[in-house]
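Here the structure is laid out as structure tokens; the discussion comes afterwards.
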Amino acid sequence: MGFPPGILIAGAILMSAAVVLCSFPATLTLERAFPSNHRVDLSQLRARDRVRHGRRLQSSNGVADFPVEGTYNPFRVGLYYTKLQLGSPPRDYYVQIDTGSDVLWVSCGSCNGCPETSGLPIQLNLFDPGSSSTSQFISCSDRRCSLGSQSDSVCSTQNNQCSYTFQYGDGSGTSGYYVSDWLHLETILEGSMTQNSSANVVFGCSTLQTGDLTKSDRAVDGIFGFGQQGMSVISQLSSQGVAPSVFSHCLRGDDTGGGILVIGEILEPNIVYSPLVPSQPHYNLNLQSISVNGQMLPIDSTVFATSSNRGTIVDSGTTLAYLAAEAYDPFITAITASVSQTASPVVSNGNQCYMITSSVSDIFPQVSFNFAGGASMILRPQDYLIQQTSASGAARWCIGLQKIQGSGITILGDLVLKDKIVVYDLGGQQIGWTNYDCSTSVNVSATGRTGKSEYVNAGQLSDTSSLHNDRYELIPACMLAFVLFIITIQGNFSLTVLISCAHLFASFTRKEVDFSGSKASSSYLWHRAGEPRYTTNCYSSICLQAYTFLLPDLHEKIQ
Numbered sequence: 012m013g014f015p016p017g018i019l020i021a022g023a024i025l026m027s028a029a030v031v032l033c034s035f036p037a038t039l040t041l042e043r044a045f046p047s048n049h050r051v052d053l054s055q056l057r058a059r060d061r062v063r064h065g066r067r068l069q070s071s072n073g074v075a076d077f078p079v080e081g082t083y084n085p086f087r088v089g090l091y092y093t094k095l096q097l098g099s100p101p102r103d104y105y106v107q108i109d110t111g112s113d114v115l116w117v118s119c120g121s122c123n124g125c126p127e128t129s130g131l132p133i134q135l136n137l138f139d140p141g142s143s144s145t146s147q148f149i150s151c152s153d154r155r156c157s158l159g160s161q162s163d164s165v166c167s168t169q170n171n172q173c174s175y176t177f178q179y180g181d182g183s184g185t186s187g188y189y190v191s192d193w194l195h196l197e198t199i200l201e202g203s204m205t206q207n208s209s210a211n212v213v214f215g216c217s218t219l220q221t222g223d224l225t226k227s228d229r230a231v232d233g234i235f236g237f238g239q240q241g242m243s244v245i246s247q248l249s250s251q252g253v254a255p256s257v258f259s260h261c262l263r264g265d266d267t268g269g270g271i272l273v274i275g276e277i278l279e280p281n282i283v284y285s286p287l288v289p290s291q292p293h294y295n296l297n298l299q300s301i302s303v304n305g306q307m308l309p310i311d312s313t314v315f316a317t318s319s320n321r322g323t324i325v326d327s328g329t330t331l332a333y334l335a336a337e338a339y340d341p342f343i344t345a346i347t348a349s350v351s352q353t354a355s356p357v358v359s360n361g362n363q364c365y366m367i368t369s370s371v372s373d374i375f376p377q378v379s380f381n382f383a384g385g386a387s388m389i390l391r392p393q394d395y396l397i398q399q400t401s402a403s404g405a406a407r408w409c410i411g412l413q414k415i416q417g418s419g420i421t422i423l424g425d426l427v428l429k430d431k432i433v434v435y436d437l438g439g440q441q442i443g444w445t446n447y448d449c450s451t452s453v454n455v456s457a458t459g460r461t462g463k464s465e466y467v468n469a470g471q472l473s474d475t476s477s478l479h480n481d482r483y484e485l486i487p488a489c490m491l492a493f494v495l496f497i498i499t500i501q502g503n504f505s506l507t508v509l510i511s512c513a514h515l516f517a518s519f520t521r522k523e524v525d526f527s528g529s530k531a532s533s534s535y536l537w538h539r540a541g542e543p544r545y546t547t548n549c550y551s552s553i554c555l556q557a558y559t560f561l562l563p564d565l566h567e568k569i570q
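Here the sequence shown is numbered in the working numbering, starting from 12 and rising by one per residue.
Here it is as structure tokens:
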């Protein structure tokens with residue numbers, strides 16, 4: 012099938028415009044930043060690196076997003092972790108998400124006791140300050156050395172090096188020295204677009220690990236402390252003015268695991284807030300009472316009062332949850348009484364368990380932790396029970412809330428934090444939460460509860476939020492050029508070719524073409540394991556515009 016020369020010329024002209032304005036795939040000439048025919052002085056490379064490193068967050072106008080892997084289930088993983096990029100050039104490090112400690116640290120070269128392999132599907136890496144062109148040791152005289160109040164700071168008179176030692180509640184420990192280097196962030200900007208940013212932070216370089224940290228079954232490269240003390244990354248970024256003093260997470264409680272972790276405030280109308288207990292090293296809340304099936308348990312309120320050896324701590328680094336010793340027995344008694352007609356109580360390895368033949372949600376009661384400020388944390392049965400075995404039509408569920416003998420500490424770990432949005436508002440000195448399906452979308456603000464800067468943060472793009480609306484106004488012309496180009500090279504209008512092309516271009520940006528609605532649309536995949544975050548370009552937009560404007564009834568023809 013031939014075409015008049017005018018059509019071919021028009022198609023060529025519009026195709027050229029598409030290449031320039033819409034980043035349409037084309038053969039382009041690659042121009043090197045530095046010519047290949049002569050050597051480059053190292054000073055030039057360093058100068059270019061300094062410019063690149065200068066592309067850092069300048070104000071609180073973006074949401075730093077971290078991928079989340081792992082599950083709460085102690086029979087699978089028993090922790091949530093994220094991937095960071097540190098140094099120059101950037102390298103990947105997998106670190107546990109821990110709101111119960113302050114310091115970010117990773118295993119370093121010549122480490123004694125650091126695992127070399129992991130039972131998790133990750134590759135462990137050792138940080139080498141000498142291999143990063145931007146790494147610097149922190150000296151004892153550096154003011155940042157004094158920020159780590161959680162650590163037992165040690166200064167070597169021999170090398171003037173700021174060192175640390177940490178002991179964790181499970182008996183494990185680590186020691187090493189502090190360094191500063193670039194932390195590379197994926198920042199979500201207004202309009203759900205992303206940019207790569209960097210910030211210089213101080214973190215620990217571990218040279219010794221003990222206890223459970225030496226085991227390989229669930230080994231990671233380090234721990235990402237999200238505490239509120241000065242050495243935590245969230246505090247460092249906030250004090251530099253490059254990130255808001257609020258972060259949020261939403262940890263998935265199913266076997267898939269994963270979730271959402273952002274420096275920013277997740278916005279959800281059902282979130283309730285309770286004030287933090289002031290002047291505490293951890294995220295302490297004032298727990299006032301516990302209710303089972305709406306009935307308040309007979310527990311003296313002083314049991315939950317905050318002191319040096321009492322209080323209620325929110326800690327994502329703890330797998331299960333723990334009740335103060337005086338609250339544990341009344342809690343078990345109330346649960347057992349509530350299910351006495353439908354479950355058979357048994358004790359397994361010292362844990363209170365129940366044999367049931369029906370759904371756990373139909374048998375066990377709702378539990379409410381009631382905090383200061385009128386905020387209640389509602390626990391479903393799955394938030395305080397763990398299934399151990401299932402056989403012959405009966406399942407054994409055990410109480411996941413544990414008792415530390417002789418301890419007055421209550422710890423809210425992953426068991427109760429999962430399937431909830433949890434907002435840590437350091438600026439407002441409060442923590443908020445609500446039950447939520449963490450596999451779905453969330454909206455995030457980068458400026459805190461009183462700010463106006465909101466960001467669509469999981470696939471719900473606003474019609475007016477694009478940073479490049481001027482380019483998208485040209486999409487119809489790009490689309491027409493593309494269609495003419497297909498017609499020209501195929502010799503006929505092939506619907507199959509157009510559909511195939513749309514799917515091909517959609518795959519470039521990991522978008523799905525959805526024909527369930529009245530018109531074709533794209534749904535962005537976000538917070539899925541292994542998927543990239545927001546990408547927006549003209550490739551798939553062209554095909555989607557072709558679907559939407561040229562063939563509005565196309566979805567009815569594709570079955």
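Note that beta-carbon positions come from the ideal geometry of N, C-alpha and C, so glycine has one too. Every value quoted in this text rests on a predicted model; they were computed, and no experiment measured them.
Own chain, CB closer than 8 Å to residue i, minus 5 neighbours either side, in chain order
i, result
"P309", "P341"
"R321", "V314, F315, A335, G419 and I420"
"Q96", "R102, D103, Y104, L194 and H195"
"Y188", "F148, I149, Q172, C173, S174, Y175, G215, C216 and T218"
"R87", "D266 and G268"
Residue range of the alpha helix (DSSP H) that includes residue i
i, result
"L426", "D425 to L428"
"P341", "A336 to S349"
"D109", "Run containing D109: none in the alpha helix (DSSP H); it sits in the beta strand (DSSP E), R102 to D109."
"I374", "V371 to I374"
Span of the beta strand (DSSP E) around residue i
i, result
"L219", "M204 to T221"
"I647", "Examination of residue 647 is not possible in this model, given that the chain is present from 12 through 570 alone."
"L298", "L298 to V303"
"Q247", "No beta strand (DSSP E) holds Q247; the alpha helix (DSSP H) holding it covers V244 to S250."
"I415", "Per DSSP, I415 belongs to no beta strand (DSSP E) and is neither H nor E."
"I410", "A405 to I410"
"Q377", "Here Q377 belongs to no beta strand (DSSP E), and DSSP marks it neither H nor E."
"V325", "R321 to V325"
"Q363", "N362 to I367"
"S355", "S355 to S359"
"N454", "N454 to S456"
Counterpart residues of residue i in DSSP-defined beta bridges
i, result
"D436", "V257 and Q441"
"R391", "BP columns for R391 are empty, so no partner."
"Y91", "G81"
"I274", "A75"
"K431", "N446"
"Y333", "Q413 and I422"
"Y294", "DSSP, once it has assigned bridges, lists no residue as partnering Y294."
"F382", "L298"
"I199", "V74 and T205"
"F235", "I108 and L115"
"L287", "L296"
Burial state of residue i (16 or more Cβ within 10 Å)
i, result
"E276", "buried"
"G424", "buried"
"G417", "exposed"
"S243", "buried"
"T451", "exposed"
"V357", "exposed"
"M307", "exposed"
"R544", "Legend: pLDDT at R544 = 33, less than 50; position of this residue unreliable, no value from coordinates given."
"T571", "It is not possible to answer for residue 571, since the shown part of the chain is limited to 12 through 570."
"P255", "buried"
"I432", "buried"
"N360", "exposed"
"D232", "buried"
"N295", "buried"
"V165", "exposed"
Own chain partners of residue i with C-beta closer than 6 Å, once the 5 adjacent residues on each side are dropped
i, result
"Q399", "R407 and C409"
"S143", "G98, S99 and D192"
"Q147", "S191"
"L412", "A332, L334 and Y395"
"V268", "Note on identity: in this sequence residue 268 is Gly, with Val being the wrong assignment. Once the five neighbours on either side are set aside, the close Cβ partners of G268 are G81 and T82."
"Q363", "I343 and I410"
Chain-order list of residues whose beta-carbon lies under 7 Å from that of residue i (same chain, five-residue window excluded)
i, result
"I272", "A small fix is needed here, since residue 272 is Leu in this sequence, not Ile. Cβ neighbours of L272 beyond the five flanking positions: F77, V79, T93, I108 and H260."
"L90", "G81, Q107, R229 and T330"
"Q247", "V212 and V213"
"R539", "Reliability fails at R539, whose pLDDT of 29 lies under 50, so the model's placement of it is uncertain and the value that follows must be treated cautiously. If we look at R539 and ignore the five residues flanking it on each side, it has no Cβ neighbours."
"V236", "In the sequence under discussion, the amino acid at residue 236 is Gly, which differs from the Val named in the question. Cβ within range, chain order: D109, S112, D113, V114, L115 and S243."
"P392", "V371, S372 and F375"
"A354", "Y365, M366, I367 and I374"
(request) Any chance you could list the beta strand (DSSP E) runs of at least 3 consecutive residues sitting entirely within the region 122 to 194, in chain order? (result) For the region 122 to 194, whole beta strand (DSSP E) runs of length 3 or above, ordered along the chain, are 173 to 178.
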